[in-house]
Amino acid sequence: MNIRKTIGIAGTAKNTGKTTTTLSLLDYYYTKGVTIGLTSIGYDGETMDNVTGLPKPRLFVRKGLLIVTAEKCLQASSAKVKILENLGINTPLGKLVCAVVEREGLIVTAGPNQSHHLRTVRDLLFRYGAELIIVDGALGRIAPMIETDGFIMATGASYKLDSYQVARHAHYLAEICNYPQSAKDLLKDPAWVKLLDSRATVVWNSLGEILAEVDESLLNPEQLGSFYNHSSDVRGLYCPGLITTQCLQKLGEIPFSRGMTYIFSDPIKLIVGNDLKVTHDFLTTVQQEGSALGYKQMIPLMAITVNPFYPKYRYESGNYETAYIDKGQLLEEVTSIANVPVFDIVQDSCTNLAKIIFDTGK
Amino acid sequence: MPKILDRIMDAIDFETFLVCNSDEEGRKLIVQLIKEWGFKDVDIVFSQHQGPGSRIRARAYVHRSGDVYGWLELGNEE
Amino acid sequence: MSRKKVLLVPLDPVHDVGLKMIRRGLDDAGHETILLPPDIPVHEIVQEIVKQRADTVLVSRTLGYGVAELLANFVDLLDVVGVRSRINLGIGGMAIRPELAAELGFDAGFGPGTTVEEALAFVEGREYVEASQKIVKNKKEMAEGYSYSYRHEGIQAKLNLIVDMILNWAANKTSPGVQRAAIREELWDVNRWRNYESMTDFYNEYKLYCDDLGKNYYEKGILHPKTRRFTKEEIISSEEYVRRTQEVIKIPKLQHNRTKPLVFNQYGTGCPFMDIGHIKVSEAWGADGVVHFDPSWGARSEGFLDGFLTHQEDGTVITPANLNRIKRALEKSTLWQVRAHRGLNTPETIVLAGKIGADLTKINIAYGCLGAGTDPARMTVDGIWAIRYAAKYNLPFDVVTNEELCGVPAYKAFAGMLITTALGIRLGGKPILQPLFCKSPEVMVGGQMKDNYVEFNAAKIMALRQIIDAPIWPGAPVGFLTQTEDRVQSSASTAFHASLAAMLGVDAVTIASSDEAYSGGPISVPSKIDTLRAVGEGFRFFGQTPLASTPQMEVWRDTIVSGIDSVLAKIVERDDFVQSLYEGILGNREDGAYPGRNGKDTVTTI
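Okay, here's the thing in structure tokens:
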């Protein structure tokens, strides 16, 4: 039985192969007869034609693909589509519409920008029969990934020229997303499980009684003041919202006893706006002290694709030229320290990546 | 470049009305035109697109501050 | 529209003056505003947004460095914290391209140069309609609101006598010009002509009253040398150009806070297609109306040719096809004047102009024969019919005192102008007074403009207003003979003269291009933009500031009025208007005026 899934494709920088990854996956699933729903978070301004003001379509799509995109994108597309529904969500490129590709060609997607809109889009695509939804991410935006079941990260030399740094970043991300367990699996005591309904950040004792309660999101270390009281009695902490880097650092300083259970909402809340190293180090330290880490909602980093290409700026011509770092080294370094499957998006065939993402059963 | 250009104290402006579809298009075209004429240090001083095209003033700097000024050398030539 | 709570966030190390101005505007409109200090870390800003429960958040960013990452991160934070869906999020500032704002999903992105009004519209959830879009220019009825009642009894009485005199004299007279006008009026159906239907009835009658140029054309298809026909491809391309432009054109308003004066400029490169090119640009830069400048050779020949004729001399030939093509290219709000103030075709010009759809025309019997070479008797007979047709086709007409340029003193020229005006009123027309704002020979010799160009010009207007309640439209163009080939000097002079006209509260003004003094070739389009821009700036500068009257203005005003009175008295005494023209009462040889010879002895008695 195929479970319906939503996958996000994020990129650490431009030219890391996000589009290539998307295209390869679309192709693969098409041959397997999987109905795909495609959308994106916002749009990339680089794809806009300065003169016409319309997006330049770059994704080649085939018949049967379901898409949610803005009206103006359809205007610019060479693929023939049939509009199924108008979502009534406004974007700078017009209203979002759901359509199905009737004749192959080029399109560009400009989807919803806010995560709650992405949820609407996702539900709609499933309603129209999508088995797998692919969400093309936007640079610098990770928050909407909350509406996915997991994501792929495209990275490479365009992010950092030093392949070790690329690898380290990938490692941090993988650890943050994948190391903590699902809170459901982690929490045995029903009294504790109930605490996950809390709308505030809470700390509790062994009986599941709340000892202190602060705001939903921890933005400022001052908010953590009340946690110092009874800190030795605290056995668990749940934060339903965002935690900033400073708050994580501060949290690490509070004299909680060893063997705590930390539950966070989802990995996105630890990633947005944060220094990944600090987040990663917090998780590592806490784990080394014997504490357990869990997410109420898991959003796994399923795979990483790497791209050795980067645009090299030439002063003489005032332009960019194609350049590459050592791709073997890049692949090896990332694979060795990131605890997720890593693929070279250009070299490797898509098959293994696709299988990890979605078991087509075919 | 012909020597007459040396006599331009600093810059020569090209003022015209270019029929075009957008401000960007007009700017691109005029810069291209002036570069085709052999000028290198080219900039748009003013551009306004309205109605059928753009009112544009493009400038080519012949002598910038700190350059060797061709018009100072004039006496030596003759 | 409810009161909103707006949080203003400077995402910079220092305060943003633009944001402060917007805050002021929002306060004035009754909204609650909170301005955060600059240089606050992003997560603290997010905290404030959550805490304050704002409806709208306006962010400004001036520094370009790292702006995309910073903003992406900011939007992400708002999204994750759950507050993004509850707020109206706008961003602006020097570093913001609206495209970036759109990419990142801001509800609005304001580039540099955004006005407080735009930000206010966003906060209130209204669509912002740019001022220039909001302006729906409507054609103004220029003579509206004027009673044409006289304020000077003596002059009124004399004018009435003179008008009687003229009409009696002309009652039994006609000319080839009048006859052609009648044929054009009766036999030339504009709709049939536009549909390319046969017009042979018309041609057969018409050519009998044309001279050789006309006859050659209608019988043998021979054109004036230096003219050529357009090809079909050229016609199609021109239509495409007009259509494309009409789709995007937004017509700005030059007058700032005033409603007057309307701004006219001239076209007449020789080629109607180039003229159309120019006209669209003039419209796009704010011209309210355009004036057709036709070549003098057209006025010297009996009869009009037809077809799209382009030629290389100064002025665009009047043919039905040329006029029709130009008419079709005009925006609905643009006023169009076709002149009939001299030569052998004046009444017919008005018939054509009326049928094809012009808005205004120009008639002046005195100027036509004293400064433009048309025979006085012919000019008078034709002029009366011209006025009749203008009244019939509801074409207001200006009466321009161009003879001032020859050297005729203003008071004499005004006397002539008032006579044509009085005729116009009697025959049911709508005359508009057109004194010149110029550095005429009169003032060069008399020294009235030694110190400034203001007082004598103002005195002219004041003088006319003392005599009659009629619309006034200084021309032609204003600042004539003050301009040199220097662009800036020329544009400045035009702007100052137009500003003077505005301060005097006149109804319209005709402006030159900055090429006015250049005689080496046709007027260029950038030079037309030069003066439209300058005039707009002049209007902006002076706003509605009034002009104070000076003792010198009053002295000159009185001199002009009494001068007019005495000239009219002489004509009444002479008891023959046409002879008065020949004899120089309205301008003599010494003044530089010579009765014209074009059309001499062509007036016949019926």
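Protein chains in written order, with the numbering used here: chain G, 116 to 477; chain A, -1 to 76; chain X, 220 to 825. Glycine residues also receive a C-beta, built at the ideal position from the N, C-alpha and C atoms.
Cutoff 8 Å: residue i Cβ touching any chain X Cβ
i        : result
A/Gly24  : no
A/Ala56  : no
A/Leu27  : no
G/Val166 : For G/Val166, the predicted model reports a pLDDT of 47, less than 50, meaning its position is unreliable; a value from the coordinates is still stated below. Not closer than 8 Å to any Cβ of chain X, the Cβ of G/Val166 fails to qualify, so no.
G/Ile472 : no
A/Glu76  : Confidence is the limiting factor: at A/Glu76 the pLDDT is only 48, short of 50, which leaves the residue's position unreliable, though a coordinate-based value still follows. It does not: the Cβ of A/Glu76 has no partner Cβ on chain X nearer than 8 Å.
G/Ile257 : yes
A/Arg62  : no
G/Gly388 : yes
G/Thr359 : yes
G/Asn228 : yes
G/Ser332 : yes
Check whether residue i and residue j have beta carbons under 8 Å apart
i        : j        : result
X/Gln653 : X/Thr599 : no
X/Leu646 : X/Ile584 : no
G/Ile440 : G/Pro426 : no
X/Gly508 : X/Gln474 : no
G/Ala481 : G/Gly157 : In the structure as shown, chain G begins at 116 and stops at 477. Residue 481 of chain G is therefore absent and cannot be evaluated.
X/Thr632 : X/Val797 : The identity of residue 632 of chain X in the sequence shown is Ala, whereas the question assumes Thr. Contact: no.
G/Leu478 : G/Leu174 : The requested residue 478 of chain G is not part of the displayed model; chain G covers only 116 to 477.
G/Tyr274 : G/Ala453 : no
X/Phe261 : G/Ser332 : Before going further, note that residue 261 of chain X is Val rather than Phe in the sequence given. Result no, Cβ atoms of X/Val261 and G/Ser332 do not sit closer than 8 Å.
G/Tyr343 : G/Ser380 : no
X/Met722 : X/Pro770 : no
G/Val387 : G/Gln364 : no
G/Asn414 : G/Met260 : Just to set this straight, residue 414 of chain G is Ile in the shown sequence, not Asn. Yes, they are a contact pair.
X/Asp859 : X/Ser732 : This structure gives no information on residue 859 of chain X, because the portion of chain X shown stretches from 220 to 825.
is_contact[residue i, chain A] using C-beta, thresh 8 Å
i        : result
X/Gly237 : no
X/Trp555 : no
X/Ile545 : no
X/Val744 : yes
X/Tyr630 : no
X/Tyr460 : yes
C-beta neighbour in chain G for residue i, strict 8 Å
i        : result
X/Leu230 : no
X/Gly309 : no
X/Leu323 : yes
X/His511 : no
X/Asp431 : no
X/Ala291 : yes
X/Val839 : In this structure chain X extends from 220 to 825, so residue 839 of chain X is not present and cannot be described.
### Ordered list of beta strand (DSSP E) runs contained in the region 263 to 337 of chain X, each at least 3 residues
275 to 279, 307 to 311 and 327 to 329
#### Entry: Runs of alpha helix (DSSP H) lying entirely within the region 741 to 786 of chain X, each at least 4 residues, in chain order
744 to 761
### Message
For the region 6 to 17 of chain A, list every residue whose C-beta sits within 9 Å of some C-beta in chain X, in sequence order.
### Response
Glu13, Thr14, Phe15 and Val17
#### Entry: Contact the region 389 to 407 of chain X vs the region 515 to 525 of chain X: 3+ CB pairs below 8 Å
yes
### Task
Determine which residues of the region 276 to 291 of chain G have a Cβ less than 8 Å from any Cβ of chain X, and write them out in chain order.
none
#### Entry: the region 746 to 757 of chain X: positions lying closer than 7 Å to chain A by Cβ
Ile748
### Task
At 4 residues or longer, and completely inside the region 617 to 667 of chain X: list those alpha helix (DSSP H) runs for me, N to C.
629 to 645 and 660 to 665
### Message
Quick check on the DSSP output: what are the complete beta strand (DSSP E) runs of length 3 or more inside the region 379 to 444 of chain X, in order along the chain?
### Response
none
#### Entry: Selection of the region 477 to 504 of chain X by Cβ proximity to chain A, strictly under 8 Å
Gly496, Lys499, Val500, Glu502, Ala503 and Trp504
### Message
For the structure I just gave you, are there three or more beta carbon pairs, one from the region 537 to 554 of chain X and one from the region 354 to 365 of chain X, closer than 8 Å?
### Response
yes
### Task
Report yes or no: do the region 304 to 316 of chain G and the region 146 to 154 of chain G share at least 3 C-beta pairs separated by less than 8 Å?
no
### Task
Within the region 443 to 531 of chain X, note down every full beta strand (DSSP E) run reaching 3 residues or more, in order along the chain.
446 to 448, 481 to 486, 508 to 511 and 528 to 530
### Entirely enclosed beta strand (DSSP E) segments - the region 386 to 453 of chain G, minimum 3 residues
407 to 410, 416 to 422, 424 to 429 and 434 to 439
### Query
Does the pairing of the region 241 to 255 of chain X with the region 35 to 46 of chain A give three or more beta-carbon distances under 8 Å?
no
### Task
Would you list, in chain order, the members of the region 295 to 307 of chain X that have their beta-carbon closer than 8 Å to a beta-carbon of chain G?
Asp295, Leu296, Asp298, Val299, Val300, Gly301, Arg303 and Ser304
### Task
Pair every Cβ in the region 357 to 377 of chain X with every Cβ in the region 782 to 789 of chain X, then say whether three or more of these pairs are closer than 8 Å.
yes
### Task
Give the residues from the region 33 to 56 of chain A that approach chain X closer than 8 Å (Cβ to any Cβ), ordered along the chain.
Gln48, Gly49, Pro50, Gly51 and Arg53
### Task
Could you name the residues of the region 335 to 359 of chain G whose beta carbon sits closer than 8 Å to any beta carbon of chain X, in the order they occur along the chain?
Asn335, Gly356, Leu357 and Thr359
### Query
Taking any Cβ of chain X, which residues in the region 404 to 417 of chain G have a Cβ under 8 Å from it, in chain order?
none
### Query
Contact between the region 462 to 471 of chain G and the region 21 to 38 of chain A: three or more CB pairs below 8 Å?
no
### Query
Mind pulling the beta strand (DSSP E) runs of 3 or more residues that sit fully within the region 244 to 319 of chain G?
247 to 251, 265 to 271 and 316 to 319
### Query
So, do the region 276 to 291 of chain G and the region 308 to 320 of chain G have three or more beta carbon pairs nearer to each other than 8 Å?
no
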